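In terms of my numbering, the sequence shown opens at residue -8 and continues consecutively. Think of the CB as a built atom: it goes at the ideal place given N, C-alpha and C, for glycine as much as any other residue. Predicted, not measured: the structure shown is a model, and the values here were computed from it. Worksheet: one structure, shown below.
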Amino acid sequence: MDIHRLIVHPKHFRKGIAGKLLNFIEGKNGIEKIIVSTGSRNLPAVHFYLKSGFHKVGEIEVKEGLTLTAFEKSIFR
């Protein structure tokens, strides 16, 4: 599964919502790997994905001053 946008409204940050969304996806049958990317300078998101068991697989420079970091997580059942 490729997650293109995992966004939580700022009023609801730090309530565990993003983790619950990921847990829901991980619980679905047929999902073997999750791929996601975020802005490399978005440190809260980078830390969230690393804490959630993702590993960094690369960086892509979209344009000068904008780099995305890609993450993957394998799902084992």
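Which class does residue -1 belong to by DSSP, given the choice of helix, strand or coil? Judged by DSSP in its simplified three-state form, residue -1 adopts coil rather than helix or strand.
Where does residue 19 sit, in a helix, a strand or coil, going by DSSP? Residue 19 falls in the coil class under three-state DSSP.
Work out the CA separation of residue 41 and residue 52 for me, nearest whole Å. Whole-angstrom Cα-Cα distance: 20 Å.
Is the segment -7 to 0 touching the segment 18 to 28 in the sense that three or more CB pairs, one from each, lie closer than 8 Å? Contact holds between the segment 18 to 28 and the segment -7 to 0, because three or more Cβ pairs, one in each stretch, are under 8 Å apart.
Candidates 13, 31, 19: closest to residue 48 by CA position: The shortest Cα separation from residue 48 among 13, 31, 19 belongs to 31.
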